[in-house]
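According to the working numbering, the sequence shown is numbered sequentially starting from 3.
Just so you know, even glycine gets a beta-carbon here, dropped at the ideal spot from N, CA and C.
Everything numeric in this text was worked out from a predicted model, so none of it was measured.
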Amino acid sequence: MAEDIFEVTRDPINKAALEARLLTGAAGAIVTFDGVVREQTKGRRVLTLQYEAYEPMAVKEMRKVGEEIRTRWPDVLHIGMIHRFGELQITESSIAIVITSPHRRVAFEACHYAIDRVKQTVPIWKKEIFADGEAWVEGTPLEAMQS
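Below is the structure:
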């Protein structure tokens, strides 16, 4: 039987492999969210993104989100979350979330909830590198927290 997956990695995310690891015959639905690096933010041209993560805590918090999903949607069969860190280029995946369930509504709702909660609670920080500068987004960078 497939087990839930909660990981952070510096490697490119293989969404098809993640789905394959989670999909079983009991599933009637699989919903995948793929967060990708876009080329602009608020009219500014983005060159790359840099993600930093406090790895042990990030995985722990992702597991907590998984527990929340299981409480709210007991029909969810499997949950997969992989967040990438390091430098990412335009169109590369920064996060993949996969939810399997017997029915689509549960999978869609749980996946939507998962990305919102990950962004709220998981200690991963994003720096946008623009053509004309750079900025940390949605939180405090790791080195600022350690000083």
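For ALA116, which three-state DSSP category applies?
-> Judged by DSSP in its simplified three-state form, ALA116 adopts helix.
State the DSSP-derived secondary structure class of PHE110, mapped to helix, strand or coil.
-> helix
How is GLY68 classed by DSSP in three states: helix, strand or coil?
-> Of the three classes helix, strand and coil, the one that applies to GLY68 here is helix, per DSSP.
Using the C-alpha atoms, what's the distance from ILE81 back to SER96?
-> As the crow flies, the alpha-carbon of SER96 is around 17 angstroms from that of ILE81.
Is PHE30 near HIS105, with beta carbons less than 8 angstroms apart?
-> Before going further, note that residue 30 is Gly rather than Phe in the sequence given. Contact flag set, yes.
Provide the residue span of the alpha helix (DSSP H) that contains ALA19, from first to last.
-> 17-24
With a CB to CB cut of under 8 angstroms and the five nearest residues on each side skipped, what residues in its chain are close to ARG12?
-> ARG86, PHE87 and GLY88
Return yes when the Cβ of THR93 is within less than 8 angstroms of the Cβ of VAL39, no when it is not.
-> yes
Residue interval of the beta strand (DSSP E) (run including LYS129) = 126-132
Closest by C-alpha distance to PHE132, when choosing among LEU90, VAL100, ILE99 and TYR115 = Nearest neighbour of PHE132 by Cα position, chosen from LEU90, VAL100, ILE99 and TYR115, turns out to be LEU90.
Under the three-state reduction of DSSP, which class applies to ARG86: helix, strand or coil?
-> strand
Cα-Cα separation, ARG107 to ASP134 = 43 angstroms
Boundaries of the beta strand (DSSP E) in which THR34 is found, first to last residue | 31-38
Cα-Cα separation, ARG119 to GLY45 = If I take the Cα positions, the gap works out to 26 angstroms.
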